[in-house]
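Worksheet for the structure shown next.
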Amino acid sequence: MRGGHSVTGRPLAPLDTEAVRRFAATCGLVDFAVTATGSPMLAEHELAVAAIVAAEVPQARITLSYEFGYPGLREREADAIRNAALGPGAGRIADEVARELPGVPAYFARSGGGLVSAHYFRRFPLTCDRGAAASLVRGRAALDEGAGRVEIQHGVSDVALGPGARVPDGVAAAYGVAIQRPEAHVERIVQARGRAELDRVLRDARDEALTRVVSAGAAPGSAGIEEVTVNPLSYLPDGLYRVRVTAGGRPWAG
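To convert, count from 1 in the sequence shown and add 53; that's the working numbering.
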């Protein structure tokens, strides 16, 4: 469909809102992945599509690619589609956990380490796609006080402890989950002409990361920024940066 922006935020074409409305009303779907060119810089068209879809399909589950932050269109599109496809299964898993553990706050392991709440897992199940493997690595490392090793061959990790150590994978993974805490990441492409403007967009990214980590299950008073990286983008106009902010906090107790 027509629409999208350049990497600098310049509109490439007006958004074809009528085409979006017709598709949403007639496709018979409830899970949607929305990807627009340039959305990590300016998410206006993805947000507009989401509003139209939600109006036409009130029960819709909508994934927006800009929330994954990658500058490349192919990577964002692939992750948005995978996230939307995993949504129904994630909902069933979260419901089953809630039935088995009524009244107990449930957390799910992130692929890159850290935890997310059931609410966040329902919305972004892709963030937990390799959560078990990440937890196993962290658990093994913690049980061996950092002296273990991780060997990865063809995408499958083998985790070893020191000689004579016998800890089942399930135990190590459970320990790895138990020592983690809620985390959230924000990744954006930003344009800043000068230090003052860059500081402003960094403040916005920090605020968004703090909001996300509370949504991921961190106690509001404990949320804090853990890491900020700012890298200028090569071979593009000056003033374009890739910003990544990580926030973390203690699990919410109740």
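Here a beta-carbon is modelled for each residue, glycine too, at the ideal position from N, C-alpha and C.
Is the separation between the beta-carbon of residue i and that of residue j shorter than 8 Å?
i, j, result
"PRO304", "PRO158", "yes"
"VAL102", "VAL73", "yes"
"TYR294", "VAL243", "yes"
"THR180", "LEU126", "no"
"GLY301", "ARG234", "yes"
"ILE278", "ARG253", "no"
"VAL150", "ALA171", "yes"
"PHE85", "ALA137", "yes"
"ALA237", "VAL266", "yes"
"GLY81", "GLU240", "no"
May I have the straight-line CA-CA distance separating residue i from residue j, to the nearest angstrom?
i, j, result
"TYR173", "SER268", "6 Å"
"GLU97", "ARG193", "44 Å"
"ILE232", "GLY292", "39 Å"
"THR299", "LEU65", "31 Å"
"ARG106", "THR79", "It is Val, not Arg, that sits at residue 106 in the sequence shown. Spanning the two alpha carbons is a distance of roughly 11 Å."
"ALA271", "ARG163", "14 Å"
"ALA131", "ARG175", "18 Å"
"ARG75", "VAL110", "11 Å"
"SER188", "THR70", "43 Å"
"ILE115", "GLY229", "31 Å"
"GLY144", "SER118", "20 Å"
"LEU255", "PRO221", "43 Å"
If I follow the unbroken alpha helix (DSSP H) through residue i, where does it start and stop?
i, result
"HIS238", "First-last for HIS238: 236-244, but that is the beta strand (DSSP E), not the alpha helix (DSSP H)."
"GLU130", "126-153"
"TYR228", "222-231"
"THR264", "248-268"
"ARG175", "171-176"
"VAL73", "70-79"
If I follow the unbroken beta strand (DSSP E) through residue i, where does it start and stop?
i, result
"TYR294", "293-301"
"TYR160", "160-162"
"ALA86", "84-87"
"VAL281", "277-285"
"THR116", "114-117"
Taking all protein chains shown into account, do 16 or more other C-beta atoms lie within 10 angstroms of the C-beta of residue i, making it buried, or fewer, making it exposed?
i, result
"LEU154", "exposed"
"ALA276", "buried"
"THR282", "exposed"
"GLY247", "exposed"
"ASN284", "exposed"
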